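Numbering (this note's numbering), first residue to last: 10 to 366. Glycine included, each C-beta is placed from N, C-alpha and C at the ideal position. Every value quoted in this text rests on a predicted model; they were computed, and no experiment measured them. See below for the structure under consideration.
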Ligand SMILES: *Cc1c(COP(=O)(O)O)cnc(C)c1O
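The following block contains the structure:
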């Protein structure tokens, strides 16, 4: 039986990306050696780094003054890097979920943190729209896609201060205007690669913004000045990112990724809204994520939760259990999810409804 991987992260990769990574781990670039056992300073790996950075710039239409860095530590480490490098006195945060909250917690170690709005009281079932951005803050931090709750900001924010965005779970799935962002970062293991590499896209004027002394490895300038090769970068995840970037480019780039994401999401949300057993927990429909699609059983059917999970899993639907903070189910439909995966899930939901209504 064919399995569809709806896991929230690490997650699905395109079949050719999996195969290409596996092959390179045995023999890379006709060298008679594995990608894992060559120097990151070799010209064979330098080509990988150069092409990966160039493709990020090309696919996202980044202007000249942005640097693309591939570092370790995951998005969670960036929660601390960001204020360390950027927060002189005060920063503004939009609290749209647990990841945003974790980012705020780190920022508090470095200065004043203003929470400009929060949907925490409603378990993050929407993205706050009413807020004022303090003009004297060093930056505004947002999370564009809230992986756990299934909410997403589908438009760019106009801000009088630099915008720093955690785009871990929706980068490359939506066309956006890069000039609206000063820094974009995320763990690569959702739409770009496997775990182990973190992307940081930083406008050059954001380097060296604070008066405090920065430890070498935490200072973005260290990495920007060395083409992201100051120390040994995570070579295998960067190669997997390169293969994903090539795959995206060959498949129509970000506009086509966005079209596919919308097509999948519309199909699944239509079924969630139609099906008499389920509903979507996101209260504001315009905030529904195209990447992480949450659905829960209606009150009178709540007792069927374990049964549906078992039923769907037996039909090849992998990883649809919802996050414990939301419950129910979550189908994460990252770029590599084929439309047929969602079509199958819809069928499974319909059959389950027919058996229980
Ligand atoms: C997964 C995720 C993170 C955490 O990423 P790590 O690389 O595991 O640290 C942070 N923010 C968002 C929005 C995420 O989806």
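- prompt: In chain order, what residues of the same chain lie with their CB nearer than 7 Å to the CB of residue 223, ignoring the 5 residues before and after it?
  reply: If you number the chain shown from 1, residue 223 lands on position 214. Result list for residue 223: 93 and 94, in chain order.
- request: Examine ligand 1 and report whether any of its heavy atoms sits within less than 7 Å of the Cβ of residue 152.
  value: As a position in the chain shown, residue 152 is number 143, starting the count at 1. For ligand 1, at least one heavy atom lies less than 7 Å from the Cβ of residue 152.
message: Please classify residue 41 as buried or exposed, where buried requires at least 16 neighbouring CB atoms within 10 angstroms.
response: What you label residue 41 is simply residue 32 of the chain shown in a count that begins at 1. So residue 41 counts as exposed.
- request: Give the straight-line distance between the Cα atoms of residue 54 and residue 212, rounded to the nearest whole angstrom.
  value: Within the chain shown, the letter at position 45 stands for residue 54. Within the chain shown, the letter at position 203 stands for residue 212. One C-alpha to the other measures close to 25 Å.
message: Assuming residue 263 is part of the beta strand (DSSP E), what are its boundary residues?
response: Reading the chain shown from its first residue, position 254 is the one you call residue 263. That residue, residue 263, is in no beta strand (DSSP E); its alpha helix (DSSP H) goes 262-283.
- prompt: Is residue 16 closer than 8 Å to residue 327 when the C-beta atoms are compared?
  reply: For the purposes of this step, residue 327 is taken as residue 318 along the chain shown, with counting starting at 1. For the purposes of this step, residue 16 is taken as residue 7 along the chain shown, with counting starting at 1. Yes, Cβ-Cβ distance for residue 327 and residue 16 is below 8 Å.
message: Quick test of your reading: residue 192 and residue 173, contact by CB under 8 Å. State the CB separation rounded to the nearest angstrom.
response: As a working note, residue 192 is residue 183 in the chain shown. As a working note, residue 173 is residue 164 in the chain shown. Confirmed, Cβ separation roughly 4 Å.
Residue 81 Cβ short of 7 Å to ligand 1 heavy atom set: Position 72 of the chain shown, counting from 1, holds the residue named residue 81. Residue 81: no, Cβ never under 7 Å from ligand 1.
query: Would residue 128 pass as a contact of residue 134 if the rule is Cβ separation under 8 Å?
result: Locating residue 128 in the chain shown gives position 119, counting from the first residue. Locating residue 134 in the chain shown gives position 125, counting from the first residue. A contact, by the Cβ cut-off of 8 Å.
Simplified DSSP assignment, three categories, for residue 306: Here residue 306 corresponds to residue number 297 of the chain shown, with the count starting at 1. The answer is strand: DSSP assigns residue 306 an E or B state.
- prompt: Count the other CB atoms within 10 Å of the CB of residue 301; is the residue buried (16 or more) or exposed (fewer)?
  reply: For the purposes of this step, residue 301 is taken as residue 292 along the chain shown, with counting starting at 1. With 16 or more Cβ atoms within 10 Å of its Cβ, residue 301 is classed as buried.
- prompt: Quick check: the segment 100-110 against the segment 144-164, are there 3 or more CB pairs under 8 Å?
  reply: yes
task: Return yes when the C-beta of residue 199 is under 7 Å from any heavy atom of ligand 2, and no when it is not.
output: With respect to ligand 2, the structure shown offers nothing to examine, as its ligands consist of ligand 1.
task: Give the range of the beta strand (DSSP E) segment to which residue 104 is assigned.
output: Position 95 of the chain shown, counting from 1, holds the residue named residue 104. 99-104 is the extent of the beta strand (DSSP E) around residue 104.
message: What does the alpha-carbon distance come out to for the pair residue 357 and residue 297?
response: By 1-based counting over the chain shown, the position of residue 357 is 348. By 1-based counting over the chain shown, the position of residue 297 is 288. Distance between the alpha carbons of residue 357 and residue 297: 22 Å.
Those runs of the alpha helix (DSSP H) which lie wholly inside the segment 219-247 and span at least 4 residues: 229-234
- request: Identify the continuous alpha helix (DSSP H) that holds residue 196 and give its terminal residues.
  value: Taking the first residue of the chain shown as position 1, residue 196 is located at position 187. Here residue 196 belongs to no alpha helix (DSSP H); instead the beta strand (DSSP E) covers 192-196.
message: When you measure from the CB of residue 18 to every non-hydrogen atom of ligand 1, does any distance come out below 7 Å?
response: Taking the chain shown and counting its residues from 1, the one referred to as residue 18 is at position 9. Yes; taking the cut-off as 7 Å, the Cβ of residue 18 has a heavy atom of ligand 1 nearer than that.
- request: State the Cα-Cα distance for the pair residue 164 and residue 185, rounded to the nearest angstrom.
  value: Start at 1 with the first residue of the chain shown, and residue 164 comes out as number 155. Start at 1 with the first residue of the chain shown, and residue 185 comes out as number 176. Answer to the nearest angstrom: the Cα atoms are 7 Å apart.
Where residue 344 falls: helix, strand or coil (DSSP): If you number the chain shown from 1, residue 344 lands on position 335. In the structure shown, residue 344 sits in coil (DSSP, three-state: anything other than H, G, I, E or B).
task: Apply the 10 Å Cβ neighbour rule to residue 232 and answer buried if 16 or more other Cβ atoms are within range, or exposed otherwise.
output: Walking along the chain shown from the start, residue 232 turns up at place 223. Classification for residue 232: buried.
field: In chain order, each alpha helix (DSSP H) run of at least 4 residues that lies wholly inside the segment 48-81
entry: 52-69
field: Through-space distance from residue 253 to residue 26, alpha-carbon basis
entry: Residue mapping note: residue 26 aligns to position 17 of the chain shown, counting from 1. Residue mapping note: residue 253 aligns to position 244 of the chain shown, counting from 1. The alpha-carbon atoms of residue 26 and residue 253 are separated by roughly 6 Å.
For residue 137, the nearest candidate out of 115, 307 and 162 (CA to CA): By one-based count along the chain shown, residue 137 stands at place 128. Considering only alpha carbons, the answer is 162.
- prompt: Is DSSP giving residue 209 helix, strand or coil here?
  reply: The count along the chain shown starts at 1 and reaches residue 209 at position 200. It is a strand residue.
Boundaries (first-last residue) of the beta strand (DSSP E) holding residue 125: Position 116 of the chain shown holds residue 125. It spans 121-127 - the beta strand (DSSP E) in which residue 125 sits, taken as one unbroken run.
- prompt: Would the beta-carbon of residue 84 be found less than 7 Å away from any heavy atom of ligand 1?
  reply: In the chain shown, residue 84 corresponds to position 75, counting from 1. Yes, ligand 1 has a heavy atom inside 7 Å of this Cβ.
field: Span of the beta strand (DSSP E), counted from its first residue to its last, around residue 151
entry: In the chain shown, the residue the question calls residue 151 occupies position 142. Unbroken beta strand (DSSP E) run through residue 151: 149-152.
- request: Check whether the segment 272-289 touches the segment 52-68, taking contact to mean three or more Cβ pairs, one atom from each stretch, closer than 8 Å.
  value: no
field: Cα-Cα separation between residue 323 and residue 361, rounded to whole angstroms
entry: Residue numbering aside, residue 323 sits at position 314 when the chain shown is read from its first letter. Residue numbering aside, residue 361 sits at position 352 when the chain shown is read from its first letter. Between residue 323 and residue 361, the C-alpha separation is close to 12 Å.
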